[in-house]
Structure formats: structure tokens, C-alpha cells
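Colleague: UniProt numbering applies: residue 1 is where the sequence shown begins, and numbers increase by one. Using N, Cα and C, we set each Cβ at its ideal position, and we do this for glycine too. Remember, predicted model here, so these are calculated numbers, not experimental data. Just dropping this structure here.
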Amino acid sequence: MATHTQPCGKAMAVSEEWRQQWIEAVSKIRSNVSYEESAQQLRSLQQTGLLKLTDLKYNPGKFFEAHRLLARHAPNLGPGFWIRFTVHYNLFAGSVLAVGNEQQVKQLEEIQQKGFLGCFGLTEKLAGVNSGGVVNTIAEWDDQTQEFVITSPEVGAQKNWISQGLVGELAVVVADLRVAGKRCGAHAFLMELRDAKGPVPNVEFGDMGRKTVGNDLDNAWIAFHGARVPRHTLLSRYGDVQPGNGGTYVSKVKGLTNMAMIGQRLFSGRVAVAWAALTFTRKLFEMTRAYSDHKKCWIPKNSTLTEVPQLQHLYLRADETLKKLENFVGSCEKQLSDCLQKDEIPPMALQEAIASAKILASETSIDLCFRLKQDVGSHALMGDTGFEQMDFLQACKFAEGDSRILMQKLARDRVRISSPLGSSEEQQLAKELQDAMKGGAKAWDANFEKVYDLAWQVVQRNVATVCPGTSLRLPCGLSKL
Ligand SMILES: Cc1cc2nc3c(=O)[nH]c(=O)nc-3n(C[C@H](O)[C@H](O)[C@H](O)COP(=O)(O)OP(=O)(O)OC[C@H]3O[C@@H](n4cnc5c(N)ncnc54)[C@H](O)[C@@H]3O)c2cc1C
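Put into C-alpha cells, the structure is as follows:
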């Protein structure tokens, strides 16, 4: 396994002039609005042209900084607008960039100018956090009409939780492609969901219902009842369908599957989500500190709440921990940006580091903010303090790769390696799991605590490799049940 040798670093720089313009633009965003009004805010924001739908590839520093600056408003705005924004710029436009052909990528310019919004239809009801691994939506090639027919064969295959699914004009929909009766695997389709007259035929939409936070974001379930879409909707950089004789699937780049390339979006998403969790946490601590610095307290002389020892300690610990994590995530961002610009798949070591960064940033943020809530007294119960938006971090935990699923993947990949790697504890756990697995696949779940212990060892190794000398404590959410 290749090691990750680039030094620990800060996030990539963008011009100060652009930063100020973006700060000004996002300062106008409001969350106490309907989801239609919230969508209108995103349409207007993209029409400023400050952040292009193609910046993820050509200017990734700007793409990540835009996400971070927006996340600074999260303790006031909640998660709704941030999710809407990242779904449009990363998952929707990013997928077109990753698997679209030249013409399809070019369409992004027009989409931005018109202020159209796009969704990303991956998650299905049955698949949940295992989305991507399980895709039961079908796209059947009809050679006669040269169209794809998109169907949800059962309720479990309906798309679920799709952000801006009730307002978006467009969607990247992931479906299992069938050509002349043969399964060709999961592929992405850039399809219209609505035109000026309303929803397109044979697509049914439902509202996921009221959430604890982020109700300025519409989340939809979507059922396809034989929706017909033209041939050019297949994002065809890596694979296409040739019409005639029932149709033929053509793989354009040997060894690269469409789904693997769609999965690339999850890496930029994971870095953006990791930053969002850390930025939320920094801001919540700043807001709370501004309160506790002025709150008089008896301890025993007339003093402030900030001087209460456990709170003082927590502020120090949070600052130190956040600095370490910001360094780690910054380094992952730098290396990923390089891959994005060169159009390369991140090496395995970077993929693992990014997964570790996402797990650590969201779980440590949940831990720190929970502790802060416990130790700051009645303030945490008040509205507009940021504490009412803490479920922002809940969304960070499962978006673009749930912590548990990422940990399972880290552990699974580690168990496949038989040569010595990592600390003696890591080697011991890997060996125990390798031995247990000789008894059959069921041993994996039966040893789930060892699985997560091993994953934690891998996470720690990744941090220490990218940022030598850095160690972090196990977040409570990942400790033994
Ligand atoms: C606000 C919001 C916006 C979203 N936007 C989009 C979007 O735009 N597009 C899109 O495609 N999706 C979107 N999603 C879906 C999201 O990415 C997740 O896929 C989805 O929330 C999964 O939720 P679930 O509760 O159904 O997961 P479940 O699959 O029911 O999992 C519940 C929990 O069980 C655990 N678990 C499940 N399976 C396993 C396993 N095999 N091993 C170990 N643990 C397991 C996990 O810890 C998980 O947290 C969105 C979700 C939300 C809430």
C-alpha cells in the first residue's frame, strides 16, 4: 500500500477580493423561508457567477472555500441551505463533470446562466446508507425509440431523501442500465424533472416530511413509472449505448466503470462535509464564548462563566483539537485538489485519509458540541444560540458516507492486507479478524466491536501519516456500546 507522504498543510488560497464578494453574497441567505424561496436564493447565488459549476475541477480551492464560508452561517441558518448548495455544486454538477462527455459538461454553463437547479438521485429506500452499492432503479434501453425507460420496480427502489427534489428542474439519476436484456451496472442520467409546465410525465414525487432542522430544504422521494428519456441523457464519458440490433453497450475506457467515477464525487463531498462540521463547531464555540465571557458567575469571587474550570478546559481542548483536524482536512483537500485538476482518481492512501478525515471531523464535532451544551447551562436551551441547529452535525455524520459504513470499509480493506502494517494493536486486531473470518462471513458482524476497533486504529494511523505527531482521542460516538 502506498503511503501518504505529503506534508500536513492548510487549505488552498483564493483571492481576498473574491472572498469578500462571496462573504457578502452568502450573508444575505435566510433560512426562515419556504423551500421555494430558499431554492430561489440558490438560483440567484449561482447567477452571480461568483462560483462556477465547473470550479470543482478547474478551481477546487474556490469550491472548498465557498463551502467553508457558507458553513460559518450554519449555527444561524441550520443545514438546509448548505445541503442544497453542496448537492447542486458537488453532487449534481460534480457528477456531470466526472462522467459527462464534453457536450454534457458544456451544458453546465447554460444551466448556471438560467439559474436551473439540479438534484442527485442516488439513495434508494431499501439501500439507505449503502446507496451506490445497491441500485435497484432500472434504465432499460428501448432500441426502437432510442430512449431509456426509467422504472422503480418496487417501493424499495424508489429514490429517497433527494434534496431539492421538489423544486429542481434537473437531476442526475443513478440507475442500473440494461441493454438488450443485459445488465451493464449503475450509470448516471442527466434528466429533466420539470419544465415550465411542471413535472415531466411518469415521475411521481413525495415530500419526506418535517425534519428537526433544515426545513428550508425540500427532500423528496421519487418514483419512476416508466419515464422515457432520450439517449443523450446517459452521461457517457466512460460508457455509451450504440443503437441498432437491440443496442450495444460500449465501454470507452478500459478498467473504469461509470459507478467508480460517480463515486469520485463522494471524495470532494467528504472533504466539504468534514470542513462544514469543523466550521460549524468553531463558530458555535465562538458564539458561546462571546456569551460566557460576559456571564457573571459565582466561583467564589464574582467572575465569568468562562472561568469555570471545566468550561475553560473545554475551550482549550476544543481549540487544540480543531487546529489538528483543520490541518489534517486541509492536507487532504490540497492533495485531492491536485487529483481533481489532473483528472486523476485519488490514490488509495488518499481515499483512506479522506474517509478518516470525514469520520473524525463529524464525530469529534458532535462530541465537542455536545460537551459544550452540557457545560454552558441554560444558554444552550435558548433560541438563536446555535445549539438548536446542532443536528447540522447529524447530517454531516451520514452525508457522503456514514461514519459506520466508512469504518467498515477501512476495516475490511485492512483485513485484506496480510503483511505487517500499523501499530501492534492494529496488527493484532487484523489478525484476529482474519482468523475469525475463516469460519465464514457471519464472523464479521459477530465481531463488530473488533471491526470498529480496527477501523479506529486505521484512522489514527492515517492521521499520523498525513500529520506526523498528531494524535486524537476516540470520539464518544465511536466508543463501545
Ligand atoms: C437532509 C438529507 C439530505 C439528503 N440528500 C440526498 C440527496 O440529495 N441525494 C441522495 O442520493 N441522498 C440524499 N440523502 C440520503 C443520505 O445520503 C443517506 O443515504 C440516507 O440518509 C440514509 O439514511 P437511512 O436512515 O435510510 O439509512 P439506513 O440505511 O436506514 O441506516 C441507518 C443507520 O444504520 C447503520 N447501518 C445501516 N446499514 C449498516 C451496515 N450494513 N453496517 C453497519 N451499520 C449500518 C448506519 O450507522 C446508519 O446511520 C439525504 C439525507 C438527508 C437526511
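(1) Please list, in chain order, all residues of the same chain as R265 whose beta carbon is under 7 Å from its beta carbon, the five residues on each side excluded.
(2) By the 10 Å Cβ neighbour count, where 16 or more other Cβ atoms means buried, how is A220 classified, buried or exposed?
(3) Which residues in the same chain have their Cβ closer than 6 Å to the Cβ of A127, if we skip the five residues on either side of it in sequence?
(4) Using the C-alpha atoms, what's the distance from E307 back to M208?
(5) Taking 6 Å as the cut-off, is the CB of G80 close to at least one heavy atom of ligand 1?
(6) When we look at the beta-carbon of F448 and count the other beta-carbons within 10 Å, is it buried (16 or more) or exposed?
(7) Whole angstroms is fine: what's the gap from A274's alpha carbon to N462's?
(8) Rounded to the nearest angstrom, how far is the Cβ of L336 from that of P347, given a contact under 8 Å?
(9) Three Cβ pairs or more, each shorter than 8 Å: is that satisfied between the segment 174-192 and the segment 253-265?
(10) Does the beta-carbon of R404, which I'm using as the reference point, lie nearer than 6 Å to any heavy atom of ligand 1?
(11) Looking at chain D, is there any beta carbon in it that lies within less than 7 Å of the beta carbon of M191?
(12) Can you tell which of R30, L70, P60 and S34 has its C-alpha closest to the C-alpha of Q21?
(13) Give a yes or no on contact between the segment 107-118 and the segment 156-174, applying the rule of three or more CB pairs nearer than 8 Å.
(14) Around the C-beta of T279, are 16 or more other C-beta atoms found within 10 angstroms, so that it is buried, or is it exposed?
(15) Do the segment 149-165 and the segment 60-77 touch if we need at least three Cβ pairs shorter than 8 Å?
(16) Measuring straight from C-alpha to C-alpha, what distance separates D229 and E140?
(17) I'd like to confirm something about L421: is its beta-carbon nearer than 6 Å to some heavy atom of ligand 1, or not?
(18) Run the proximity test for V87: is its beta-carbon closer than 6 Å to any non-hydrogen atom belonging to ligand 1?
(19) With L177 as the anchor, note down where its beta strand (DSSP E) starts and where it stops.
(20) Rounding to the nearest angstrom, what Cα-Cα distance links A399 and N302 in this structure?
(21) What are the boundary residues of the alpha helix (DSSP H) that includes T48?
(22) Using only alpha-carbon positions, find the residue among C184, F85, F63 and Q40 that is nearest to K114.
(23) Compute the Euclidean distance between the alpha carbons of R473 and T304, then round it to the nearest angstrom.
(24) What are the complete alpha helix (DSSP H) segments, minimum 4 residues, inside the segment 347-431?
(25) Can you tell me the Cα-Cα spacing of E124 and S131, whole angstroms?
(26) Is A275 near ligand 1, with its Cβ less than 6 Å from a heavy atom?
(27) Are the CB atoms of S365 and A290 within a distance shorter than 7 Å?
(28) In or out: D453 buried (at least 16 other Cβ within 10 Å) or exposed?
(29) Is the beta carbon of I354 closer than 7 Å to that of C332?
Modeller: Quick look at the numbers:
(1) Answer for R265: N90, L91, G94, S95 and A98, listed in chain order.
(2) For A220, the number of other beta carbons within 10 angstroms of its own is at least 16, and it is reported as buried.
(3) V134
(4) 45 Å
(5) Not so, every heavy atom of ligand 1 lies at least 6 Å from the Cβ.
(6) exposed
(7) 15 Å
(8) Between P347 and L336 the Cβ distance is about 11 Å, and since that is not below 8 Å, they are no contact.
(9) yes
(10) yes
(11) Of the protein chains in this structure there is only one, and it is not chain D.
(12) L70
(13) yes
(14) Looking at its Cβ environment, which holds 16 or more other Cβ atoms inside 10 Å, T279 is buried.
(15) no
(16) Looking at the sequence itself, residue 229 is Val, so the reference to Asp does not match. V229 and E140: Cα-Cα distance of roughly 10 Å.
(17) Not one heavy atom of ligand 1 falls within 6 Å of the beta-carbon of L421.
(18) Because some heavy atom of ligand 1 lies under 6 Å away, the Cβ of V87 counts as near it: yes.
(19) L170 to V179
(20) 45 Å
(21) Run containing T48: none; DSSP gives neither H nor E here.
(22) Per the Cα distances, Q40.
(23) So the alpha carbons of these two residues sit roughly 29 Å apart.
(24) DSSP runs (the alpha helix (DSSP H)) wholly in the segment 347-431: 348-375, 391-398 and 403-415.
(25) 7 Å
(26) Just to set this straight, residue 275 is Trp in the shown sequence, not Ala. The answer is no for W275.
(27) Between A290 and S365, the C-beta spacing is not below 7 Å.
(28) buried
(29) yes
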